[in-house]
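Chemist:
Number of protein chains: 2
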Amino acid sequence: MAPLASWLDIDPKSHFSIYNLPFGIISTSGESTPHVAVAIGDYALDLHAFAQQNGFSALSIIQPHQQVFSQPTLNGFAALGRPMHRVVREYLQSVLLKDGPFPDAFEKNKQLQKAALKPIEICKMHLPMFINDYTDFYAGLNHAYNVGVLFRGPQNALQPNYKHLPVGYHGRASSVVVSGTPIKRPNGQILANPTAEVKEPIFSESKKLDIELELGCFVCKPSSLGDPVRIADAPQHLFGIVLLNDWSARDIQAWEYVPLGPFNSKNFGTTISPWVVLMDALEPFAADGITNDTQVLPYLNEKGPKSHYSIDLSVSLTTASGNTSNIGKTTAKNLLFSFPQMLAHHTIGGCPFNVGDLLGSGTISGESKSEKGCLLEQTDNGKTEISLEGGEKRKFLENGDQVTITGCCGTEDGALVGFGECTGKIEPAVKISF
Amino acid sequence: MAPLASWLDIDPKSHFSIYNLPFGIISTSGESTPHVAVAIGDYALDLHAFAQQNGFSALSIIQPHQQVFSQPTLNGFAALGRPMHRVVREYLQSVLLKDGPFPDAFEKNKQLQKAALKPIEICKMHLPMFINDYTDFYAGLNHAYNVGVLFRGPQNALQPNYKHLPVGYHGRASSVVVSGTPIKRPNGQILANPTAEVKEPIFSESKKLDIELELGCFVCKPSSLGDPVRIADAPQHLFGIVLLNDWSARDIQAWEYVPLGPFNSKNFGTTISPWVVLMDALEPFAADGITNDTQVLPYLNEKGPKSHYSIDLSVSLTTASGNTSNIGKTTAKNLLFSFPQMLAHHTIGGCPFNVGDLLGSGTISGESKSEKGCLLEQTDNGKTEISLEGGEKRKFLENGDQVTITGCCGTEDGALVGFGECTGKIEPAVKISF
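Going down the list, the sequences are from chains Y and A. Counting from 1, one number per residue, gives the positions in the first sequence under full-length UniProt numbering. Counting from 1, one number per residue, gives the positions in the second sequence under full-length UniProt numbering.
1. Shorter than 7 Å, the distance from the beta carbon of Y/Leu297 to the closest heavy atom of the ligand FMN, or not?
2. Y/Val36 and Y/Ile25 - do their beta-carbons sit closer together than 8 Å?
3. For Y/Asp133, return the contacting residues in chain A, with the cut-off set at a CB-CB distance below 7 Å.
4. Suppose you measure from the CA of Y/Ile120 to the CA of A/Ser224; what does that come to, to the nearest Å?
5. Closer than 9 Å between beta carbons: that is the criterion. Which residues of the region 236-252 of chain Y meet it against chain A?
6. Taking C-beta to C-beta, are A/Ala49 and A/Ala115 nearer than 8 Å?
7. Please state whether DSSP places A/Tyr169 in a helix, a strand or coil.
8. What are the uninterrupted segments assigned as beta strand (DSSP E) that are 3 or more residues long and contained completely in the region 310-393 of chain Y, given in chain order?
9. Out of curiosity, what's the CA-to-CA distance linking A/Ala249 and A/Ser174?
10. So that I know if they touch, is there some Cβ in chain Y lying closer than 8 Å to that of A/Asn267?
11. Flag this pair as yes or no: are the beta carbons of Y/Ala105 and Y/Val95 separated by less than 8 Å?
12. Determine the DSSP secondary structure at A/Pro235, reduced to helix, strand or coil.
13. A/Gln187 CB to nearest chain Y CB: under 8 Å?
14. Can A/Lys306 and A/Asp288 be called in contact, C-beta distance under 8 Å?
15. Using a Cβ cut-off of 8 Å (strictly closer), state whether A/Val219 contacts chain Y.
16. Who does A/Asn267 pair with in a DSSP beta bridge?
17. Give me the chain Y residues within the contact set of A/Gln159, using Cβ-Cβ distance strictly less than 7 Å, ordered along the chain.
18. Could you run through the region 121-149 of chain Y and flag, in chain order, every residue whose CB is less than 7 Å away from some CB of chain A?
19. So what's residue 435 of chain A in DSSP terms, helix, strand or just coil?
20. Given a cut-off of 8 Å, decide if Y/Leu97 and Y/Ile40 are closer than it, judged by their beta-carbon atoms.
21. Applying the 10 Å Cβ sphere with the 16-neighbour rule, what's the burial state of Y/Asn301?
22. Cα separation between Y/Gly55 and Y/Glu212?
23. Give, in chain order, every residue of the region 341-372 of chain A whose Cβ lies closer than 8 Å to some Cβ of chain Y.
24. Please state if the CB of Y/Leu278 and the CB of Y/Gly240 are separated by a distance shorter than 8 Å.
25. Taking C-beta to C-beta, are A/Leu336 and A/Leu150 nearer than 8 Å?
26. Shortest alpha-carbon distance to A/Thr318 belongs to which of A/Gln63, A/Gly391, A/Ala144, A/Pro34?
27. Between which two residues does the beta strand (DSSP E) harbouring A/Asn187 extend?
28. Taking the CB atoms as reference points, tell me whether A/Gly407 and A/Ile290 lie closer together than 8 Å.
29. Using only the alpha-carbon positions, how far apart do Y/Ile386 and A/Cys217 sit?
30. Kindly provide the ranges of any beta strand (DSSP E) runs that are 3 or more residues long and lie completely inside the UniProt domain "Fumarylacetoacetase N-terminal" (20-128) of chain A, ordered along the chain.
31. Using the beta-carbon of each residue, which ones in chain Y are nearer than 7 Å to A/Gly226?
32. If you run the structure through DSSP and keep just helix, strand and coil, what is Y/Ala196?
33. Along the beta strand (DSSP E) that carries A/Gly216, what are the first and last residues, could you check?
34. Between the beta-carbon of Y/Ser365 and the beta-carbon of Y/His143, is there less than 8 Å?
35. Pick helix, strand or coil for A/Tyr145, following the three-state DSSP scheme.
36. Looking at chain Y, is there any beta carbon in it that lies within less than 8 Å of the beta carbon of A/Leu165?
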């Protein structure tokens, strides 16, 4: 049993142990304006109500800033900086602790408990941050290699630049949605006959709709045009991590992406989990990523503590007939570049960042067949099928399929630091006539 | 002489004739909070002051919305929609008109003139819109062809998809800056020896810093996730147009861009002109673009009025020694796809838009040598030099070079509809030690 225990009744298998305390944006039927909360067991601790009713009475440093908990995004709280995130999270841990140092603040304050503890199941979750810019990287080495083998063979699987820099592209911020938002199958241009000499596109719904298992990392500290973030400073710019599903239409992508990269094949929806797990909560699970056998340039050379995380990741698919199958398990250690490296690279030429900007890791795959983070890899681009529970099979996603990513650090009862779920269900394409 | 004349003294060669009335965001030493203005001749008509002092007394429809003129961006005004843009612009024309229908509103109101007419030279210009997402297209056919010839030869200059869809990529909204903002030469990874068998990058400042002559178009109507904007509806979603310089680091781009497209080679700065010329002001200059000899799919097929514009574009370079040379002249008709086509394509898979989102046209080049919109084309990627005034030469930009784009519709004295300037000066790269 974990040494820290709460006076609140928390399922020992909960992702939201007292060791976690991820931040999110909730609304309820009684309080329909979205505002800040922290997840603890089966409850959302409503920090708007908590602050209003003097829950922070023993933490004077936060008092001039308490309005951040009434805002409809976490941007205001994030902008207070990592030292403040730490003291707020540790204070919340202390008031949730059984026989903690401030029993009057919360444990013995029934009125505050009634006002601020909401069953998570009655909370509507919102996008946690206002995202001005979203960038998606490609740092999952095994994924990049597997996809490269599919399209170029094993000799040229990785492009020459791949191990020298975290390859990435600017994503579409407006299409990032919170877990649970339905995803419509996109229409677009695809090739009816991709191997024909003359390339003639048709208008069609995507027939190769795929997932991408990723992490997302939010930035909490702005940087100015022309001012690079040094790699040693980068960790202070990172707020927290979410699960991310970068839905992808492989047939639209194959036709559109040369020479400027993925566009409509990605911008119809990117789903993130609603609770942002703070960097401090992840620190005990810091780990090495994939060793880079290429010497990176000094601006990417990390000298500080480990900057990957041992997060167990899992993807399940629930079909329209109700069968749920696990279709992949891997670990977030399968990344070649870390978020500090991504931020250092992204800003080295002077690109500015705002609080709330999102970095995606790229698809995370392990080396074995059961560890592949997208269907493109699992089915060799639709050449084979994967078998699901109930005898169903899939090459790519069908309408009505619901994909759920989960992620969790640790295995000890009562001490899990998890992400909850990142889920979305595929709806039929829009019918369009001209 | 143009039929419409103002009681205000306006230089007949001014870009900001009474036929134009572009919208921008200004501040002054006396009113340091950025707010909305309209350019007329050598004046900024301060709409915050104009509205506060009852300048809109004869236009009741705008009165419930007048707070949009006190906002620090044009997003609020843009969101009122094209019919409202039209009545506001026409009303402002009418009060600026000599012997107009409402002489008491402005022509005879000295107090309001004193409060609302500010010499443009004392105004600080700000980014006109809050930009949540920026997309840059590649719709300049001659540019795409010329660049394709450089890298792949004339047989394969255009990719198979090029004429079927407006190729584009997601840009970086945070790096869009207003005209006049200095641009630091970016550092990054480049290949010391690009033709070597083994590709080894070095850390360096860019040695191939370039411009891209483009138009930008702002969106004024939101669209939701999963809901395509039909091409017939697209013009109602467009607010107005600016000049755009998509600064590009060609050496960083060459190394980084495969397979996900341009990234740090573009996100160190994109400059736009400060005054947004409304679509209504451009309508008299509607023109055909480049004829597409490929039949596009129905969702891209425009049936309405012409949707390109006859805008004369010009690029000049002023060196550190003060010599100014024209380095390119062309017309905005040199585009294969129009902004309505770009928006229809961008949303066909369901990508959502917010008010203020920016679309870049891609580099605009004509067919002749004097009409090329970037140095990459003009110097065959640095193989030749261009000659400047004063005997200077350039392959790419040097520190201290200032590049200025101008654009104007029409030639008639007193009736020009111009964009003013889009300018930026190159500062030395940041010195970084590790």
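Backbone N, C-alpha and C define an ideal beta-carbon position, used for all residues, glycine too. Predicted model only: the values in this text are computed from it and were never measured.
Modeler: Reading off the structure:
1. The ligand content of the structure shown is nil, which means the ligand FMN is not present either.
2. yes
3. Arg172, Ala173, Ser174
4. 28 Å
5. Ala249, Ile252
6. yes
7. strand
8. 312-318, 324-331, 358-360
9. 18 Å
10. yes
11. yes
12. helix
13. In the sequence as presented, Gln is not what sits at residue 187 of chain A; that position holds Asn. Taking Cβ atoms only, chain Y reaches closer than 8 Å to A/Asn187, which makes this a yes.
14. yes
15. no
16. Looking at the DSSP assignment, A/Asn267 forms no beta bridge with any residue, so it has no partner.
17. Val258, Pro259
18. Asn132, Asp133, Tyr138
19. Here chain A covers residues 1 to 434 and nothing more, so residue 435 of chain A does not appear.
20. no
21. exposed
22. 40 Å
23. His345, His346, Ile348, Gly349, Gly350, Cys351, Pro352, Phe353, Asn354, Asp357
24. yes
25. no
26. A/Gly391
27. 187-191
28. no
29. 45 Å
30. 23-27, 35-40, 43-46, 117-119, 124-126
31. Lys184, Val430
32. coil
33. 213-219
34. yes
35. helix
36. yes
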